[in-house]
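Residue numbers (UniProt numbering): 1 to 270. Even for Gly, the Cβ is constructed at its ideal location relative to N, Cα and C. Here is the structure we will look at, set down as structure tokens.
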Ligand SMILES: NC(=O)c1ccc[n+]([C@@H]2O[C@H](COP(=O)([O-])OP(=O)(O)OC[C@H]3O[C@@H](n4cnc5c(N)ncnc54)[C@H](O)[C@@H]3O)[C@@H](O)[C@H]2O)c1
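Right, here's the structure in full:
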């Protein structure tokens with residue numbers, strides 16, 4: 001039987017991309033799903049696709065930056081299913097732009113969704129997860145949570161913050177008895193709508209960003225990404241790298257130390 005069968009699993013940002021594929025894979029595995037997304041229409045569509053796989057998800061319109069709503073969603077999930085055993089803090093946005101050109105508001109917006117969204121979700125669900133026999137928190141960072149790159153200051157900052165938060169949480173949970181296992185996920189380029197809906201700093205050509213991402217960066221499909229994430233989460237892995245590009249970034253940053261910027265520049269420019 002699949003690991004998540006009959007477990008109650010909450011997924012944020014379940015209306016598109018990796019979140020939707022996580023939902024479909026988990027529905028196929030017989031998990032009980034609490035799906036949420038900022039877009040009511042998108043999450044309703046994911047709900048319908050899951051229902052076609054004989055899953056009856058709880059579908060909620062939820063902005064992860066709205067702390068009160070996230071707290072209410074966690075309570076509503078437990079009221080509906082009686083328990084919750086896994087949380088995938090997946091909702092996120094991409095931002096492209098240099099530090100000098102990006103207004104403060106861009107930094108705040110990316111931190112609100114990509115970092116505070118993860119904190120809000122984790123703290124809202126944690127009391128219920130700790131009451132389970134075994135539970136999981138799975139936080140989406142990025143390969144850009146492993147390496148800083150030009151033109152990604154706000155996104156790098158948020159994804160590095162998620163990594164530190166996740167690593168600290170894991171050790172807290174281990175010290176608390178190991179009921180809650182904590183996984184950080186570091187995808188390379190995954191072919192989703194993330195670049196099409198990215199925020200960009202003034203002067204950046206949004207259409208060119210999306211084109212470059214889709215033609216040159218995104219090498220992994222979202223369904224394959226979801227499978228890799230679920231396998232790692234089920235094993236309780238601390239760190240899940242998604243795609244060869246993420247594996248390469250991780251290896252190069254660890255092996256070459258402070259030279260990694262030059263090495264990665266050569267690899268990705270070629
Ligand atoms: N696609 C990639 O290449 C890639 C690489 C590394 C990390 N990631 C991370 O994976 C996660 C999923 O990304 P994706 O590629 O599937 O993106 P996507 O844009 O395809 O889907 C993201 C979903 O999150 C939702 N969302 C956005 N802001 C929200 C908010 N404030 N509250 C609730 N929902 C919100 C969107 O409506 C959308 O349905 C993100 O955290 C992203 O940073 C993606």
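Beta-bridge partners of residue 184 (DSSP): 139 and 239.
With a cut-off of 8 Å on Cβ pairs, the segment 6-14 is in contact with the segment 84-98, counting three or more such pairs. Shown here for residue 228: same chain residues with a beta carbon closer than 6 Å to its own, the five before and five after excluded, namely 242 in chain order. The beta carbon of residue 114 sits closer than 6 Å to the beta carbons of 92 and 158 from its chain, once the five residues preceding and following it are set aside; these are given in chain order. For residue 10, the uninterrupted beta strand (DSSP E) segment begins and ends at 8-11. Check the Cα spacing between residue 20 and each of 35, 199, 31 and 30: the tightest is with 35. Note that the C-beta distance between residue 18 and residue 195 is not below 8 Å. DSSP places residue 58 in the uninterrupted beta strand (DSSP E) bounded by 58-61. Taking C-beta atoms under 8 Å as the contact rule, residue 146 and residue 249 qualify, at a distance of about 6 Å. When secondary structure is reduced to three states using DSSP, residue 102 falls in the coil class, being assigned neither helix nor strand. Under the three-state reduction of DSSP, residue 96 is assigned to strand. As the crow flies, the alpha-carbon of residue 77 is around 24 Å from that of residue 1.
The beta carbon of residue 151 sits closer than 7 Å to the beta carbons of 96, 97 and 98 from its chain, once the five residues preceding and following it are set aside; these are given in chain order. Relative to ligand 1, even the nearest heavy atom lies 7 Å or more away from the CB of residue 6. With at least 16 other beta carbons inside 10 angstroms of its own, residue 38 counts as buried. Straight-line spacing of the CA atoms in residue 80 and residue 57 works out to 10 Å. Secondary structure at residue 34: strand, using DSSP grouped into helix, strand and coil.
DSSP, reduced to helix, strand and coil, places residue 64 outside both helices and strands of the structure shown, so it counts as coil. Residue 255 and residue 221 have their C-alpha atoms roughly 28 Å apart. Taken from the Cβ of residue 222, at least one heavy atom of ligand 1 lies inside 7 Å. The closest heavy atom of ligand 1 lies less than 7 Å from the beta carbon of residue 42.
Here the alpha carbon of residue 49 sits roughly 37 Å from the alpha carbon of residue 148.
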